[in-house]
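Trainee:
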Amino acid sequence: MKHILVIDDAATVRLYHRNILETAGYSVSEAINGIEALEKALVKSYDLYVVDVNMPKLDGYGFLKEFRRHEDITQAPAIMVSTEAGTHDKALGYAAGANLYLTKPIKPNELLSYTRLLLGDVA
Amino acid sequence: MAIVKNQTPHIQCVNHDERIAERDFEGLVEELNSDNPTERRWAVRDLTKMPEASSTLVARLKFEDDASVRAAILNALAHLGDNVAIAGLVSCLRSEDAALRNEAIEVLKEAPEGVEPIINNLLNDADSDVRIFAVNILESLRHNNVEQWLINVIEKDPHVNVCATALDLLSEVGTEHSIPALKQLKIRFVSEPYIGFSVDLALKRIEEGSH
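First to last, the sequence lines map onto chains F and X. Going by this note's numbering, 120 is the number at position 120 of the first sequence; the sequence numbering is gapless. So this note's numbering is basically just the index in the second sequence, starting at one, shifted up by 1000.
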């Protein structure tokens, strides 16, 4: 079973993403900010990271930049999700190392389609 | 073979005795522009005791690139807490730098007296991102009016993500008083699955909490 790390400071958002992904057969773990996500990601390799942008302690950009410095785990794809839809925000996300930038609120089919695409689970 | 000079790295040390020596405002402002981050940090700490320092610290914040000095300035502004200091912190909410925005939010959460007079303006800002950050500030703001501010947001704000952010917080702090506004929000954003999910969750938590 593929394992996804959902990183968001909002408990409701984490639960929403968890429900969507678990219903589709994925295993999900959570982190509440970039620091906790780094601690988890450097101990265990996940297949995909769903990363919020604005979080206390370490934001999504900071997490991805640091995460991508570790060559052994840089291959795992990351979806950045944010309330900010500007071109500048997206450019920052991709520069930090995101494979995809989605704007909240995400619809279940949208999250699942991109998850399957990035994980090679497309039928 | 080339001769390599043994160069001693140029390290500026801050003598503790120098720092505690009496220093006037002008001297500290000059030190705030030092190349040495340690000196700048000490200057910020000493300026925190001077009520006239807010505008100087706000000006420095705009181009300070050392994270520890920046954190010191943000905390100093929260400590000073006057109109200039709070306005300087609020201006960070409009920054393109996500780290600076988030640091400012965390500091403003700890300054309820300074935030209270301006929170309505922030919650009605033309920029939806600033309104979202204003809701984020309410998260830890110990103020009796937090629930009512959040209810006002979900009743009136036209932007789905501003409402969604307020909804996340109402899930934690909402009481029965929020129920009508929550039900109305679900109707207003009927095509957004996340809003429906969050409203149901908030209603469940409120009902469980009332029993």
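Just so it is clear, CB atoms sit at the ideal spot from N, CA and C, and this is done for glycine as well.
1) Is it a yes or a no for the stretch 90 to 101 of chain F touching the stretch 1142 to 1162 of chain X, going by three-plus beta-carbon pairs under 8 angstroms?
2) Roughly how many angstroms separate the alpha carbons of LEU38/F and PRO56/F, rounded to a whole number?
3) When you compare the CB of VAL1160/X with every CB in chain F, is at least one pair closer than 8 angstroms?
4) Can you name, in chain order, every residue of its own chain whose Cβ lies under 7 angstroms from the Cβ of ALA1104/X, other than the five neighbours on each side?
5) Between the C-alpha atoms of ASN1033/X and TYR26/F, what's the straight-line distance to the nearest angstrom?
6) For the stretch 1063 to 1146 of chain X, list the beta strand (DSSP E) runs that are entirely contained and at least 3 residues long, ordered along the chain.
7) Following the continuous alpha helix (DSSP H) through HIS3/F, name the residue where it begins and the one where it ends.
8) Would LEU1061/X pass as an interface residue toward chain F - the criterion being a Cβ-Cβ separation below 8 angstroms?
9) Exposed or buried, what is ILE1003/X when buried is set at 16 or more other beta-carbons lying within 10 Å of its beta-carbon?
10) In whole angstroms, what separates the C-alpha of ALA1071/X from that of ASP89/F?
11) Output needed for LEU1108/X: all residues of its chain with C-beta closer than 6 angstroms, excluding positions within five of it in sequence on either side, in chain order.
12) Using a Cβ-Cβ cut-off of 7 angstroms (strictly less than) and excluding sequence neighbours within five positions of ALA31/F, which residues of its own chain qualify?
13) What's the gap between the Cα of ARG1060/X and the Cα of ARG1041/X?
14) Identify each residue in the stretch 1 to 15 of chain F for which the Cβ-Cβ distance to at least one residue of chain X is less than 8 angstroms, and report them in chain order.
15) Are the Cβ atoms of ASP52/F and SER82/F separated by less than 8 angstroms?
16) Could you check the C-alpha separation between ASN1102/X and ASN1083/X for me, to the nearest Å?
17) At what residues does the alpha helix (DSSP H) containing ILE35/F begin and finish?
18) Would GLU1113/X be called buried (16 or more neighbouring beta carbons within 10 Å of its own) or exposed?
19) Going by Cα to Cα distance, which pick from ALA85/F, ARG68/F, GLN75/F, TYR114/F is closest to HIS17/F?
20) Could you give the DSSP three-state label for LEU58/F: helix, strand or coil?
21) ALA31/F bridges to which residues according to DSSP?
22) Quick one: Cα of THR1008/X to Cα of LYS65/F, how far?
Mentor: According to the structure shown:
1) no
2) 14 angstroms
3) yes
4) LEU1074, LEU1089, CYS1092, LEU1093
5) 52 angstroms
6) none
7) Unbroken run through HIS3/F is the beta strand (DSSP E), 3 to 7; no alpha helix (DSSP H).
8) no
9) Residue confidence is low: ILE1003/X scores 43 on pLDDT, short of 50, so the model does not pin down where it sits. Its coordinate-derived value is still stated next. Looking at its Cβ environment, which holds fewer than 16 other Cβ atoms inside 10 Å, ILE1003/X is exposed.
10) 23 angstroms
11) LEU1089, VAL1115, ILE1137
12) LEU5, ILE7, ALA37, LYS40
13) 12 angstroms
14) ALA10, ALA11, THR12, VAL13, LEU15
15) yes
16) 20 angstroms
17) 34 to 41
18) exposed
19) TYR114/F
20) coil
21) ILE7/F
22) Its pLDDT being 44, under 50, THR1008/X is placed unreliably in this model, and the value from its coordinates should be taken loosely. If I take the Cα positions, the gap works out to 33 angstroms.
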